[in-house]
Amino acid sequence: MSKQYIVTPRDIQNFDENEEFVFDEPEVTFNDDISNVVVIDGLPIIDQAKEEALKSKVVQIIEKKAEAKIVNFYIPYQAGKSKGMAIVELSTAEQAKKVLDGIEGFKFASFTLHSISAAEVDKYQKFDETTYQQQHKQQSKQYKERDNLVSWLKDPNARSQYAIRYDETVDICWNDPLHVKEIIYSKERWSDDKIDFSPLGSYIVTYHEKGVALWGGPEFKDQDTLSHRNVISVQFSPNESFVVTVSESPARAVLWDLRAQRKAMSLPLKDRSALKGHVFKWSADEKYFAKMGVDCIHIFDSSTMELLHQKTYSVPGVRDFAFNPVGKSFMIYSAINDTNGEGLVTLVDINSRSIKELKSKPYYNSTDIKLNWQLSGDYIAIATSRESTIQMEKVITTAFDVMKVNQKNFPIEGIADFNDCVDEFEFEPIGDTLAIIHGPGNVKKSFSLYSFKNAVHKLIKKCEGKTINRMLWSPRGHDLVLMNTKLVSVTLEFWNAEEGELVGTGEHFSMTDACWDPSGRYFSTFVSAERRSNDNGFIIWTFLGKVMHKANVERLLEFKWRPRIKSLLTANMEKEVKKRLPNKKVEIEQKLLQEAKALREAKLKKRKSAWDEFEQVLARLKSQYEKMKPELIALKGYDPDEFNQEEVDEVIETIEEIVE
């Protein structure tokens, strides 16, 4: 009911036409805040009959992605057809921001959705070009050239680099056969904790309380900073387009897009075992990445950061999986039914449309199945362990199969059954040889080499009773080092795996770790102060087991080789290079001899210069002494040069005693 006003004669008599009337009514205000309104573009164009179906699906996506409450949902039309967009009102501006972040780039069937705040739309509608140019003078943004992240590969001598961290200092050094520890960059307190290299050597990673920093270029400048507190490890994708930072407290993994320089994904790590290994495994082209779940594998599309096909890939009893290191997006996984021990190994092809099974093989009575995909992508080694009880004792046997990925129908060949435990097995990175360390107990082990160069596998070498627990393949294949890192004095065995020949041995007392340089020409061992308080330092060996350099470094903590980019040479190009090696070898040896001669001459010249300088100083001091000598004689009363002091031994008594 509207309010009535009663006008009396007195009101009319006292009326002043210049007086402003003020009504005692509440003022009506309009809420023009549209920060809680979002415009979604990229929707399919429909007629009004399909509005409810489309609205239901979009609302479902919004509620799932942003956990937001929708107040209003409006689809505008023109000539009976929708405009391919929707205007959505949320409860709060915070919910609207979640929708903006969650919907942008989302794959909706064959459509890609984009989102923008209604406030942004309003701002652009009111945008005036002339006013903007008057208020903001146009300034041309100067192009900033990016640092060359592979400049170190231009070294004319094709030398490798390595980093050592000792005390509070990090040194980057050239590995030169004529120079020990040739430092090219050094910095104190560069990292609060450890250091790492990216897989292609583009970045060196330093760790700090608030996150990690990526450094690179000729002068090791700061290339990027990733804000994530308490990071304990950094894991790169194969081509360094993405990086994962992992924190322990809280247990969380953050995926970063280095090209876009933005955070792409963040997820809590409920299984703390994920802190020890890689959170994600990547396809060779970085198109897909995956992590293992309970009875499933979560496969993500890196272009959308969403689950592939909007669902997890169900694999009951999954134990392990691996992507093809090169070429097509193949993935192999192993699974075991805990009830009956029935195991299964399956090879699948992953693409945007489907996941297609290529090969599958059952393994009965299995307790464990381990996989090793050769880095060249040609072979997959499958180790299946079985337990049985013989005379009240548990006996473990291991069967080895090899899948040949690049052959028709992906044949699987059984190679050997071992009546003992298998500690390590691995294919050489480039080549056809499989190395296996196996044997009962923790003391004496056997070492076996198998070749797959021809149609049928062949046992190259088997050695028994060896005190080893670890093997390291050269990144270029062909060469292999065996050792036992649990001993105080570690014996190294250098093997030519292709011939099954021991080519050299060495020993490093108190050694804590070892690694190959990326060229496969050198091998390093070192003693870290984190595990040994004495004898800290490193030794660089040739692939034949000869010591090239040895350096004592007090409080040495880490020694790491800088990786290289993958070879750009084809197999035929490498064959041509190998044909020219004999002539090139003579040229390189002559060059090294000349450099060694020049180095010796430079050292002799430096020593002679120091000796000449010493003689000049000595002559000057003698001249000063001769001038002062008369004063010394007058002062002391004798010539100091003629006063000689002799020491005399006096024999007081000699006793001879005969002992029977």
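The C-terminal position of the sequence shown is numbered 643 in our numbering, with every residue numbered one higher than the one before it. Virtual Cβ for every residue (Gly too), placed ideally from N, Cα, C.
Judged by pairs of C-beta atoms under 8 Å, the segment 91 to 104 does not touch the segment 504 to 520, as fewer than three such pairs exist. When rounded, the separation of the alpha-carbon atoms in Val262 and Ala243 is 21 Å. Less than 8 Å separates the beta-carbon of Asn519 from that of Leu539. Distances from the alpha-carbon of Tyr347 to those of Met375, Thr380, Tyr362 and His97 put Thr380 closest.
Thr329 and Val133 have their C-alpha atoms spaced approximately 39 Å apart. According to the DSSP assignment, Phe430 belongs to the beta strand (DSSP E) that extends over Lys428 to Ser434. Looking at Phe306, Ser349, Asn323 and Ser507, the one whose alpha-carbon comes closest to that of Asn334 is Phe306. If you ignore the 5 residues before and after Glu409, its C-beta comes within less than 8 Å of the C-beta of Asn355, Ala364, Leu417, Ala418, Met454 and Trp456, all in its own chain and listed in chain order.
Of Asp622, Asp205, Cys498 and Ala579, the smallest CA-CA separation from Leu161 is found for Ala579.
Between Cys446 and Ser224, the alpha-carbon positions lie close to 43 Å from each other.
Residue burial annotation: Leu442 is exposed, with fewer than 16 other C-beta atoms found within 10 angstroms of its C-beta. The beta carbon of Phe393 sits closer than 8 Å to those of Leu330, Leu341, Lys342, Met386 and Lys387, all from its chain and outside the five residues before and after it, given in chain order. In the three-state scheme derived from DSSP, where H, G and I count as helix and E and B as strand, Asp595 is classed as helix.
Residue state for Ala32 is assigned as helix, using DSSP reduced to three classes. Counting C-beta pairs closer than 8 Å gives three or more between the segment 171 to 189 and the segment 142 to 149, which meets the contact rule.
Assigned with DSSP and collapsed to three states, Pro565 falls in helix.
Secondary structure note for Leu132: it is in no alpha helix (DSSP H), with a DSSP letter that is neither H nor E. Per the C-alpha coordinates, the member of Asp321, Val309 and Tyr296 positioned closest to Lys339 is Tyr296. C-alpha of Val226 to C-alpha of Val471: approximately 37 Å in a straight line. As a beta-bridge residue in DSSP terms, Glu231 pairs with Ala234. When DSSP states are grouped into helix, strand and coil, Tyr608 belongs to the helix group. Cα atoms of Glu128 and Glu202: separation of roughly 14 Å, rounded to the nearest angstrom. The three-state reading of DSSP puts Lys391 in coil, since its state is none of H, G, I, E or B. Your pair Gly326 and Pro345 checks out as a contact, with CB atoms roughly 7 Å apart and the cut at 8 Å.
In the three-state reduction of the DSSP assignment, Val385 falls in the strand class, which pools E and B. Exclusion of the five residues before and after Lys90 leaves Thr287 and Glu289 as the residues of its chain whose Cβ lies within less than 7 Å of its Cβ. Between the beta-carbon of Ser312 and that of Tyr271 there is about 6 Å, and that keeps the pair under the 8 Å contact cut.
With a cutoff of 8 Å on beta-carbon distance, Phe526 and Thr508 are scored as not near each other. Contact between Val217 and Val195 is confirmed by a C-beta separation of about 6 Å, below the 8 Å threshold. Checking the DSSP bridge columns, you'll see Glu72 partnered with Val20 and Asn55. In this structure, Met275 lies near Val301, with their beta-carbon atoms less than 8 Å apart. Per the C-alpha coordinates, the member of Asp254, Arg235, Lys591 and Ser431 positioned closest to Glu407 is Ser431. Annotated as distal: Glu481 and Val464, with beta-carbon spacing of 8 Å or more. Per DSSP, the beta-bridge partners of Trp544 are Tyr145. Residue environment: Arg583 is assigned as exposed (fewer than 16 neighbouring CB atoms within 10 Å of its CB, all protein chains considered). DSSP, reduced to helix, strand and coil, places Val439 outside both helices and strands of the structure shown, so it counts as coil.
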